[in-house]
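Residue numbers (our numbering), protein chains in the order written: chain A, 3 to 245; chain B, 628 to 860.
A virtual CB, placed ideally from N, CA and C, is assigned to each residue, including glycine.
What you are looking at is a predicted structure, and each value in this text was computed from that prediction instead of being measured.
Below is one structure, written out as structure tokens; the observations come after it.
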Amino acid sequence: MKEKPILLNEEGLRVDGRKLDELRSIEIKVGVLKNADGSAYIVQGKNKIMVAVYGPRELHPRHLSLPDRAVLRCRYHMAPFSVPERKSPAPSRREVELSKVIRQALEPALFLEMFPRTSIDVFIEVLQADGGTRCASITAAAVALADAGIPMRDLVAAVAVGKIDGKIALDLNHLEDQYGEADIPVAMMPGLNQITLLQADGLITIEELKEVLELAKAGIMQIYKKQKEALKSKYIGSGEELG
Amino acid sequence: MPVFFTQRQIVAPGDLLAEGNYNLGNNVYSIDGKIYSSVLGLAEIREGRIITVIPLKGCYIPKVNDIVIGKVVDVGIASWLIDINSPYTGYLQVTDALSKPVDITKIQLRKFLDIGDIIVAKVIAFDLMRDPQLTIKESKLGKVERGSLVEISPVKVPRVIGKRGSMISMLERELDCEIIVGQNGRILVTGKNKARELFAVRLIKMIEKEAHVTGLTDKIKNIIIKAKKEGVI
């Protein structure tokens, strides 16, 4: 492992010049794919992620269908060119796990019981990765699901909060994730104030965790606003030209 | 009992619409007396107490007594499978298709309906446990022999029909054609004059695109009058 870089400078700014409680710049576009029922494209810092949603549609193979609700299927996939070193296009252990984690973060928001025996498919393609892709994926997937017209309790927004050089920081990038002390992705349904995903990697005290959740919530609120703006702007004024 | 939106305001899933004792319309849900939207759409309050959201997108979920326009995708031993532009495939039994009882061991079902045929049908049973059952044994139902088929988003169907059928009856009157609107978003236009029939198809596509515009019926009517004056149709 290379030597640990300085994550916080004397002025308390991070490697990309952000403050501790500052998000990366976020841009969300809705309805970018013509053939999908719903789609979204998110650029969060150096992350670029495309999400396509299909459904509710007939489920194949049929025996997987559930008699009382729809099946939500997620595929998180990283493009071979998304990271500095070529990534094999075959789904890795990590991608399989993230697919499941993302599915479980989105599931509580959907009224799956309205469409028994069908499937809703979410395809997440990471085109460029720079840390926090699972959170950006959840944020974009929620927007794509809403764009597909699928009934939801609320949108789901997500952000990772971590600890770098002993300080709690919002929205970690790849470098901070790799050399920081802790990384905690949080997904929420902000309108309902419910957490749908909480993971933790690294060492952190209970007091710090409380601080982490507060900071995550503040960040998620900002992302939630962007999600709604993106959805609504598609149908207002020149929003049609997006994508 | 506060309401947090203006009439026909665009709302996203999870937007708080109102608080208090309102009736729930479509695409809304409530928790602890708070009413939220569940889809991306236009919020409306009807008769001062029903809160509803008109969706901007969505698929067709069959309802009993709906008229749908379907396409035969498979022929079975005693039934046909019909694609009705929905997550659920419709099925049409021989007894719901032919007026006389027949011996299915002797006849070929393909002679009545073959793969690719278009039918106008009615949903007679659907309970989310089984696939929607269709019938074509009523008047105006059955195999489609001629006309043009338009496919639009199922959520825009009410707009094409208009208030109490105003839009559709105007189109039929002005363009001298018959229009059958399937609730699943497929619309069949049959007219004596081919040019007018195709003009109606174009107008229906336009209605779908401009569904949010107010006073659309008059706008469409003016387009027809103008086209007639110019002798295009």
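- Can you tell me the Cβ-Cβ gap for Pro759(B) and Gly717(B), rounded? I've got them flagged as a contact below 8 Å. 5 Å
- Leaving aside the five residues before and after Ala232(A) along the sequence, list all residues of the same chain whose C-beta is less than 8 Å from its C-beta, in chain order. Ile30, Lys31, Val32, Ala42 and Val145
- Inter-residue CB distance, Lys2(A) and Glu183(A) (contact presumed, cutoff 8 Å): Residue 2(A) lies beyond the stretch modelled for chain A, which goes from 3 to 245, so this question has no answer here.
- Query: Roughly how many angstroms lie between the CA atoms of Asp693(B) and Val53(A), to the nearest whole one?
  - Reply: 34 Å
- Item | Which listed residue (Gly703(B), Phe753(B), Ile688(B) and Gln636(B)) has its alpha carbon closest to that of Ala670(B) | Gln636(B)
- Message: Do Leu108(A) and Ala143(A) count as a contact pair if the criterion is CB distance below 7 Å?
- Response: yes
- Tell me whether Ala131(A) is buried or exposed, calling it buried when 16 or more other Cβ atoms sit within 10 Å of its Cβ. buried
- Query: Are there 16 or more other CB atoms within 10 angstroms of the CB of Glu824(B), so buried, or fewer, so exposed?
  - Reply: buried
- Closer than 7 Å, CB to CB, is Asp173(A) near chain B or not? no
- Query: Whole beta strand (DSSP E) runs in the stretch 629 to 681 of chain B with 3 or more residues, listed along the chain?
  - Reply: 636 to 638, 643 to 646, 655 to 658, 661 to 664 and 668 to 673
- If you draw a straight line from the C-alpha of Leu667(B) to the C-alpha of Ser780(B), how long is it? 15 Å
- Quick one: is Asp741(B) buried, meaning 16 or more other Cβ sit within 10 Å of its Cβ, or exposed? exposed
- Item | Alpha-carbon to alpha-carbon, Leu802(B) and Ile851(B) | 8 Å
- Message: With DSSP as the reference, identify every bridge partner of Pro69(A), one or two as the case may be.
- Response: The partner list for Pro69(A) (beta bridge, DSSP) is empty, contrary to what the question assumes.
- Limits of the beta strand (DSSP E) - the one that Met190(A) falls within: Ala184 to Met191
- Through-space distance from Phe739(B) to Ala81(A), alpha-carbon basis: 50 Å
- Message: Taking 7 Å as the limit between beta carbons, can you name the residues of its chain near Ser78(A), skipping five residues before and five after?
- Response: Reading the sequence as shown, one finds Tyr at residue 78(A) and not Ser. Glu97, Leu100, Ser101, Ile104, Ile126 and Ser139.
- Query: So which of Lys234(A), Gly133(A), Lys50(A) and Val161(A) has the shortest CA-CA distance to Met191(A)?
  - Reply: Val161(A)
- Query: Within 7 Å (strictly less), CB to CB, does Ser657(B) reach chain A?
  - Reply: no
- Message: Buried or exposed, going by whether 16 or more other CB atoms sit within 10 Å of the CB of Asn37(A)?
- Response: exposed
- Within the 7 Å Cβ cut-off, does Ala639(B) reach chain A? yes
- Query: Thr1(A) to Ala150(A), Cα distance in whole Å?
  - Reply: Given that chain A is displayed from residue 3 to residue 245, the structure contains no residue 1(A) and the question cannot be resolved.
- Message: Checking the sheet assignment: what are the DSSP bridge partners for Gly717(B)?
- Response: Ile709(B)
- Query: Pick from Leu683(B), Pro714(B) and Asp710(B): whose alpha carbon is nearest that of Arg64(A)?
  - Reply: Pro714(B)
- Message: Counting only Cβ-Cβ distances shorter than 8 Å, please list the residues of the stretch 57 to 69 of chain A near chain B, keeping chain order.
- Response: Gly57, Pro58, Arg59, Glu60 and Pro69
- Item | Nonlocal neighbours in the same chain, by C-beta distance under 7 Å from Ala854(B), ignoring five residues either side | Phe826 and Ile860
- Message: Against Met756(B), what residues of chain A qualify as contacts under a CB-to-CB distance less than 8 Å, listed in chain order?
- Response: Pro69 and Pro118
- Query: Whose CA, out of Lys856(B), Tyr663(B), Val721(B) and Val699(B), lies closest to the CA of Ala705(B)?
  - Reply: Val721(B)
- Item | Alpha-carbon spacing of Pro629(B) relative to Gly647(B), whole angstroms | 7 Å
- Checking contacts by CB at 7 Å: is Met223(A) closer than that to chain B? no
- Query: Can you tell which of Leu129(A), Ile186(A) and Arg95(A) has the C-alpha that lies nearest to the C-alpha of Gln46(A)?
  - Reply: Leu129(A)
- At 9 Å on the CB atoms, spell out the chain B contacts of Arg155(A), in chain order. Pro640, Gly641, Tyr656, Ile658, Tyr663 and Ser665
- Message: Short of 8 Å in beta carbon distance, which residues of its chain neighbour Asp2(A), apart from the five on each side in sequence? Order them along the chain.
- Response: This structure cannot settle anything about residue 2(A), because the visible part of chain A is limited to 3 through 245.
- Quick one: grab the DSSP three-state call for Met756(B). coil
- Label Glu242(A) either buried or exposed according to how many other C-beta atoms from any shown protein chain fall within 10 Å of its C-beta, with 16 as the threshold for buried. Any answer about Glu242(A) is weak, because its pLDDT of 39 lies below 50 and its placement is not dependable; what the coordinates show is given next. Its Cβ having fewer than 16 others within 10 Å, Glu242(A) is exposed.
- Item | For Leu683(B), the nearest candidate out of Asp642(B), Met794(B), Lys836(B) and Val729(B) (CA to CA) | Lys836(B)
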